[in-house]
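K.L.:
Sharing a structure here in structure tokens format.
Residue numbers (the numbering used here), protein chains in the order written: chain A, 80 to 305; chain B, 7 to 117.
Here is the structure:
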């Protein structure tokens, strides 16, 4: 889901940077108000976890690859605003150092994976796990569903960004200037892959870690994020 | 053992296992992620390289492109796996360090 340089036109890239600047500002203000000093090492682990889980490319035999993001887990445990910051850091390092995701697309990639994935997962988890005790299985299920829904909404959004490009930018003869695939192809490809395969990876990873933390550190699950 | 220590050990294991993210796609002949093809790949798919895409795709030259060392393309899966692990360590180290610094600046002192 890391949109590379060249796939989004300047208008889309600029728009997403413009959207992300106030979001990053608000995120730092809210995290400043709500994050406790003892939660900081956990947030650093969250960023590290997201970075490494994105390196586990899962193959579709003979087809493409994809991966989990880990954003759902960070959002569930530390809140969507803190997750937004942690995933942003991982995505910026991936773009600058490893060329994974474009420099021009940092705004869009952060909007999809650091913001939308985090917030959708967080609220799905909150809705399903409402009032459940920290050690209940309902929290594990809620975490899995949250990861599945969150990554799929983010993937469909990325597909939409790809798919809008031929409409926005093309030559007089109709050749695309940036991503050549339209909405129908791009959204079905991104949605299909994530609904069928990569969404389940995010679901399983998120649920398993929540299950593990219920046993090893129930206070982390109980505290949850703000 | 503190939970953060346990989780760091878990991350260490994930780092050592990370080359699976390279080896499995290779084994199952899976290509690039959708929408992440290089200019050659896109020419193969649609028959031309979109002009804007060609111009922007070379905008940035990352020091460890695709989690590999430059010039190690011929080293095979062993070399690539080694570079992948080094990349994971560098990436994880930097991500955690930056978040720790940001967190120190932002978080409440009183607990």
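A virtual CB, placed ideally from N, CA and C, is assigned to each residue, including glycine. Just so we're clear, the structure is a prediction, and the values are computed from it rather than from any experiment.
Enumerated in chain order, which unbroken segments of the beta strand (DSSP E) with a length of 3 residues or greater are wholly contained in the region 141-212 of chain A?
P.N.:
none
K.L.:
For residue 126 (chain A) versus residue 92 (chain B), is the C-beta distance shorter than 7 Å?
P.N.:
Taking the first residue of the first chain as 1, we reach residue 126 (chain A) at position 47. Taking the first residue of the second chain as 1, we reach residue 92 (chain B) at position 86. No, they are not a contact pair.
K.L.:
Count the other CB atoms within 10 Å of the CB of residue 108 (chain B); is the residue buried (16 or more) or exposed (fewer)?
P.N.:
Here residue 108 (chain B) refers to the residue found at position 102 of the second chain. Residue 108 (chain B) comes out buried.
K.L.:
With a Cβ-Cβ cutoff of 7 Å, do residue 124 (chain A) and residue 112 (chain B) count as a contact?
P.N.:
One-based indexing of the first chain puts residue 124 (chain A) at position 45. One-based indexing of the second chain puts residue 112 (chain B) at position 106. In this structure, residue 112 (chain B) does not lie closer than 7 Å to residue 124 (chain A) by Cβ.
K.L.:
Alpha carbons only, please: which of A:301, A:96 and A:134 is nearest the one belonging to residue 22 (chain B)?
P.N.:
Along the second chain, read from residue 1 onward, the residue named residue 22 (chain B) stands at position 16. Of the candidates A:301, A:96 and A:134, the one whose C-alpha sits nearest the C-alpha of residue 22 (chain B) is A:134.
K.L.:
Could you pull out every residue in the same chain whose Cβ sits closer than 7 Å to the Cβ of residue 274 (chain A), ignoring the five residues on either side in sequence?
P.N.:
Translated into positions along the first chain, residue 274 (chain A) becomes position 195. Only residues of its own chain outside the window of five on either side were considered, and among them 231 have a CB closer than 7 Å to the CB of residue 274 (chain A), listed in chain order.
K.L.:
Among A:186, A:96, A:190 and A:86, whose alpha-carbon lies nearest the alpha-carbon of residue 61 (chain B)?
P.N.:
Walking along the second chain from the start, residue 61 (chain B) turns up at place 55. Checking every option, the nearest Cα to that of residue 61 (chain B) belongs to A:86.
K.L.:
Using only the alpha-carbon positions, how far apart do residue 184 (chain A) and residue 242 (chain A) sit?
P.N.:
Against the first chain, residue 184 (chain A) aligns to sequence position 105. Against the first chain, residue 242 (chain A) aligns to sequence position 163. Looking at the two C-alpha atoms, the distance is approximately 15 Å.
K.L.:
What residues from chain B crowd round residue 303 (chain A), counting only those whose CB sits closer than 8 Å?
P.N.:
Against the first chain, residue 303 (chain A) aligns to sequence position 224. Correct list: empty, because the minimum Cβ distance to chain B is about 15 Å.
K.L.:
Does the CB of residue 34 (chain B) have a neighbour CB from chain A at under 7 Å?
P.N.:
Position 28 of the second chain, counting from 1, holds the residue named residue 34 (chain B). Interface residue, yes.
K.L.:
Evaluate contact between the region 43-59 of chain B and the region 165-175 of chain A, counting only Cβ atoms and requiring at least three cross-stretch pairs below 8 Å.
P.N.:
no
K.L.:
Could one say the Cβ of residue 117 (chain B) lies closer than 7 Å to chain A's Cβ atoms, at least one of them?
P.N.:
Within the second chain, residue 117 (chain B) is the residue found at index 111, counting from 1. Confidence at residue 117 (chain B) is low in this model, with a pLDDT of 49, below 50, so its placement is unreliable and the value that follows should be read with caution. Yes, contact with chain A.
K.L.:
Kindly indicate which residue of A:286, A:140, A:89 and A:109 has the alpha-carbon position closest to the one of residue 30 (chain B).
P.N.:
Start at 1 with the first residue of the second chain, and residue 30 (chain B) comes out as number 24. Closest by alpha carbon: A:140.
K.L.:
Are the CB atoms of residue 9 (chain B) and residue 296 (chain A) within a distance shorter than 7 Å?
P.N.:
Stepping through the first chain from its first residue, residue 296 (chain A) is reached at position 217. Stepping through the second chain from its first residue, residue 9 (chain B) is reached at position 3. Result yes, Cβ atoms of residue 296 (chain A) and residue 9 (chain B) sit closer than 7 Å.
K.L.:
Can you tell me whether DSSP reads residue 110 (chain B) as helix, strand or coil?
P.N.:
Walking along the second chain from the start, residue 110 (chain B) turns up at place 104. For residue 110 (chain B), the secondary structure class from DSSP, reduced to helix, strand or coil, is helix.
K.L.:
Look up residue 40 (chain B) in the DSSP assignment and say whether it is helix, strand or coil.
P.N.:
Counting from 1 along the second chain, the entry for residue 40 (chain B) is found at position 34. Coil, per DSSP.
K.L.:
Mark residue 300 (chain A) as exposed unless 16 or more other C-beta atoms lie within 10 angstroms of its C-beta, in which case mark it buried.
P.N.:
The sequence position of residue 300 (chain A) within the first chain is 221, counting from 1. With 16 or more Cβ atoms within 10 Å of its Cβ, residue 300 (chain A) is classed as buried.
K.L.:
So which residues of chain B does residue 138 (chain A) contact, with C-beta pairs closer than 7 Å?
P.N.:
Looking up residue 138 (chain A) in the first chain gives position 59. The contacting residues are 30, 31, 34 and 36.
K.L.:
Give a yes or no on whether the minimum CB-CB distance between residue 96 (chain A) and chain B is below 7 Å.
P.N.:
Translated into the one-based positions of the first chain, residue 96 (chain A) becomes position 17. Chain B, which has no Cβ nearer than 7 Å to the Cβ of residue 96 (chain A), makes this no.
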